[in-house]
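There are 2 protein chains.
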Amino acid sequence: MTKTAAAKAKPRFARVDADLRRQMLIDAAIRCLAEGGIAAFTVDRISREANVSRGLINHHFDGISGLLIEVYEAMTQSMLAAGRETLFFEGGPEERLTAVIDTMFRPPMFAKSSLRAWLALWGEVATNPRLKASHRRSYDAYRRAIGDALSEIAKARKIKLDGEALAMTVIALIDGLWIEWCLDSSVVDRDTARAAVYAVLEARLGKLER
Amino acid sequence: MTKTAAAKAKPRFARVDADLRRQMLIDAAIRCLAEGGIAAFTVDRISREANVSRGLINHHFDGISGLLIEVYEAMTQSMLAAGRETLFFEGGPEERLTAVIDTMFRPPMFAKSSLRAWLALWGEVATNPRLKASHRRSYDAYRRAIGDALSEIAKARKIKLDGEALAMTVIALIDGLWIEWCLDSSVVDRDTARAAVYAVLEARLGKLER
DNA sequence: TTCCTTGTTGAACGAATGTATAACAAGGAA
DNA sequence: TTCCTTGTTATACATTCGTTCAACAAGGAA
Chain A
20 MTKTAAAKAK PRFARVDADL RRQMLIDAAI RCLAEGGIAA FTVDRISREA
70 NVSRGLINHH FDGISGLLIE VYEAMTQSML AAGRETLFFE GGPEERLTAV
120 IDTMFRPPMF AKSSLRAWLA LWGEVATNPR LKASHRRSYD AYRRAIGDAL
170 SEIAKARKIK LDGEALAMTV IALIDGLWIE WCLDSSVVDR DTARAAVYAV
220 LEARLGKLER
Chain B
20 MTKTAAAKAK PRFARVDADL RRQMLIDAAI RCLAEGGIAA FTVDRISREA
70 NVSRGLINHH FDGISGLLIE VYEAMTQSML AAGRETLFFE GGPEERLTAV
120 IDTMFRPPMF AKSSLRAWLA LWGEVATNPR LKASHRRSYD AYRRAIGDAL
170 SEIAKARKIK LDGEALAMTV IALIDGLWIE WCLDSSVVDR DTARAAVYAV
220 LEARLGKLER
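Protein chains in written order, with the working numbering: chain A, 20 to 229; chain B, 20 to 229.
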C-alpha cells in the first residue's frame with residue numbers, strides 16, 4: 020500500500036552522507052566549545068546543538084574523546100589551510116610572511132568564537148597525550164613555514180638571523196595576543212595586536228612591505 | 020570515665036583552623052588542575068587529594084564553583100607576589116624590569132605544574148564572568164607595573180616609546196612562550212624563551228643590564 | 001515494486017557529578 | 001571535669017555523564 024497524501028508528510032529524520040554528518044558534528048562541537056568551554060563538550064549538548072540524537076556521536080566517532088581529537092585536528096587543518104592559501108604559493112618571502120600574519124588577525128581566525136575554542140583545547144593538550152602529538156605535528160609545520168620566510172628575508176637583506184628562533188617568538192607573540200584579546204578585549208584591539216607583531220619583526224628586519 | 024590507654028589511640032580526624040584548611044583545599048585543587056586539567060577539578064578528586072571528606076568543600080567554600088574562583092585568585096596573588104618582591108621595591112627601573120622578567124622564567128612560575136594549571140584556568144576565564152573580572156583586575160596591575168618601568172627606562176635613554184603598549188607585547192610574549200614550552204618542551208627551553216623576551220626588548224631599548 | 005544497506009533513533013544502564021543534611025567529635029572555654 | 005562551638009564525616013539524593021544496543025526507517029539498488 021502506498022502512503023496516502025495525508026500520511027506521507029515528513030520523514031522522521033534525514034539520512035546524511037557519513038562524511039558530511041561527521042563534519043556537522045565537528046562543527047557543532049566547536050560551537051559548544053566556544054560557548055561553554057571544555058565543560059560544554061558533552062554528548063548531550065553537542066548532539067542537541069547538531070539536532071541529532073545522542074547515539075549518533077558514538078556511531079560516527081570513537082566516543083566523545085575520539086570526537087575531541089577530530090575536533091582538534093579539524094581546527095588545526097582550517098588554521099593551516101587559511102595560511103596555506105598564501106604561505107605556500109607564489110610571491111616573495113616578504114609577501115608570504117605578511118599574508119600569514121594578516122591571516123592570524125582576521126576572521127575566521129581572529130574571532131571570539133574561534134579563539135575561545137582554541138583556549139579550551141590548549142587546556143586539554145597539556146593533559147591529553149593524543150592531542151599533544153597532534154599539536155606537535157601542526158606547530159612544527161607552522162613554525163617551519165614562517166621560519167623559512169624569515170630566513171629568506173634576512174638573507175636577502177644580509178642580516179644575520181636565526182629564522183626558526185624568530186618564528187618561535189612570532190608564534191608565541193601571536194598566541195599571547197590572542198589570549199589577551201580573548202580574555203579582555205578592552206586592552207587590545209585587532210590593529211594594535213597586529214601592529215605589535217610587525218613592530219617586533221621590523222625592529223629586527225627593517226621595514227616590511229605591507 | 021576517661022579513655023583507657025588502649026582506647027585513646029588516634030582521633031578519627033584532626034581539626035584545623037578554617038583559614039589553613041581553606042588554603043590546604045586550594046592547594047590540593049591546584050594540584051588536581053595541574054595533573055588533569057579542568058576535568059579533574061572535581062569534588063571527589065580534590066577532597067581525596069586533600070585527604071578530607073567530600074562534604075568539607077561545601078563547608079568551606081561556596082560550592083565547587085566558589086572554590087574555582089578562589090583558586091584563580093590564589094594563583095593570581097602568588098604570581099603578583101613573586102613579582103612584587105622585586106617590582107615595587109628599591110632599585111632602578113632597569114633592575115626592577117629584569118627582576119620581574121626573570122621571575123617569570125624561574126620556578127615556581129616557570130614550572131610544568133604551575134603553567135598547566137594556568138592553561139586550564141584560561142580556558143575557563145573566557146566563559147566564566149566572575150573569573151573574567153578577576154583576570155582583568157590582576158592583569159591591569161601587572162601591565163601597569165611593567166609599563167611604568169619601561170617608560171622610565173625609555174625616558175632616561177631619551178627614546179620615544181609607549182610603555183603600556185610595549186608592556187602588553189611583553190606580557191603576551193611571556194604567556195605565549197609559556198604555552199609553547201608547556202605544550203611541547205622540545206621546541207623551547209627556559210633560557211631560549213627568556214632570551215627571546217630580552218631580544219625583543221633590547222631591539223627597542225638598547226642593551227639591558229642583566 | 002521489493003529488497004537491503006546503513007544512517008539514525010531512543011531507551012536503558014552504571015558510573016560520576018554537586019549539593020544538602022544529619023550525626024559525630026575534636027578541642028578549647030568555663 | 002562538663003559544656004559548647006564548629007570543623008568534619010558519611011550518607012542520601014537528584015542530575016548528568018558516556019556507552020551500549022535493539023529496533024527503526026530512509027533511500028538507493030535491483
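We treat Cβ as the ideally placed atom computed from N, Cα and C, and that holds for glycine. Keep in mind the model is a prediction, meaning the values are calculated, not measured.
Confirm, please, whether the CB-CB distance from residue j to residue i is below 7 Å.
i             : j             : result
residue 112/A : residue 48/A  : no
residue 139/B : residue 86/B  : no
residue 57/B  : residue 149/B : no
residue 146/B : residue 142/A : no
residue 73/A  : residue 62/A  : yes
residue 191/A : residue 195/B : yes
residue 76/B  : residue 84/B  : no
Between which residues of its own chain and residue i is the CB-CB distance below 7 Å, once the five residues before and five after are set aside?
i             : result
residue 157/B : 95 and 99
residue 45/A  : 89, 90 and 93
residue 210/A : none
residue 201/A : 131, 134, 135 and 138
residue 212/A : 124, 196 and 200
residue 128/A : 98, 101 and 122
residue 59/B  : 51 and 52
residue 114/B : none
residue 26/B  : Here the model assigns residue 26/B a pLDDT of 43, short of 50, so the residue's position is not dependable, and the following value carries that caveat. So no residue of the chain qualifies.
residue 68/B  : 47, 50 and 51
residue 21/B  : At residue 21/B the pLDDT is 39, less than 50, meaning the model places this residue with poor confidence; the figure from the coordinates comes in the next sentence. Same-chain partners within the cutoff: there are none.
My understanding is that residue i touches residue j, with C-beta atoms under 8 Å, so please give their C-beta distance in whole angstroms.
i             : j             : result
residue 223/A : residue 222/B : 6 Å
residue 219/B : residue 188/A : 7 Å
Thinking just about the alpha-carbon of each residue, which of the options is nearest to the one in residue i?
i             : options                       : result
residue 185/A : 195/A, 196/A and 173/A        : 173/A
residue 178/A : 161/A, 226/A, 132/A and 50/A  : 226/A
residue 228/A : 211/A, 110/A and 212/A        : 110/A
residue 103/A : 129/A, 67/A, 190/A and 161/A  : 161/A
residue 144/A : 203/A, 134/A and 155/A        : 155/A
residue 181/A : 217/A, 197/A, 163/A and 152/A : 163/A
residue 151/B : 136/A, 176/A, 130/A and 199/A : 199/A
residue 70/A  : 32/A, 84/A and 217/A          : 32/A
residue 183/A : 165/B, 83/B and 206/B         : 206/B
residue 39/A  : 79/A, 217/A and 68/A          : 79/A
residue 116/A : 166/A, 81/A and 203/A         : 166/A
residue 16/B  : 126/A, 204/A and 159/A        : What is shown of chain B runs 20 to 229, which leaves residue 16/B out entirely.
Counting only the same chain and skipping the five closest in sequence on each side, list residues whose C-beta sits under 8 Å from that of residue i.
i            : result
residue 35/B : 43
residue 64/B : 51 and 55
Ignore the nearest five residues each way along the sequence and tell me which others in residue i's own chain have a CB closer than 6 Å to its CB.
i             : result
residue 123/B : 193
residue 197/A : 134
residue 92/B  : 153
residue 171/B : 112
residue 37/B  : none
residue 24/B  : Residue placement at residue 24/B is poorly supported in this model, since its pLDDT is 38, which falls under 50; the coordinates are not used for a value here.
residue 126/A : none
residue 208/A : none
Can you check the region 48-73 of chain A for any alpha helix (DSSP H) of at least 4 residues that lies completely inside it and give the ranges in chain order? DSSP runs (the alpha helix (DSSP H)) wholly in the region 48-73 of chain A: 62-68.
Which complete alpha helix (DSSP H) runs does the region 143-214 of chain B hold, if anything under 4 residues is left out? For the region 143-214 of chain B, whole alpha helix (DSSP H) runs of length 4 or above, ordered along the chain, are 148-175 and 182-202.
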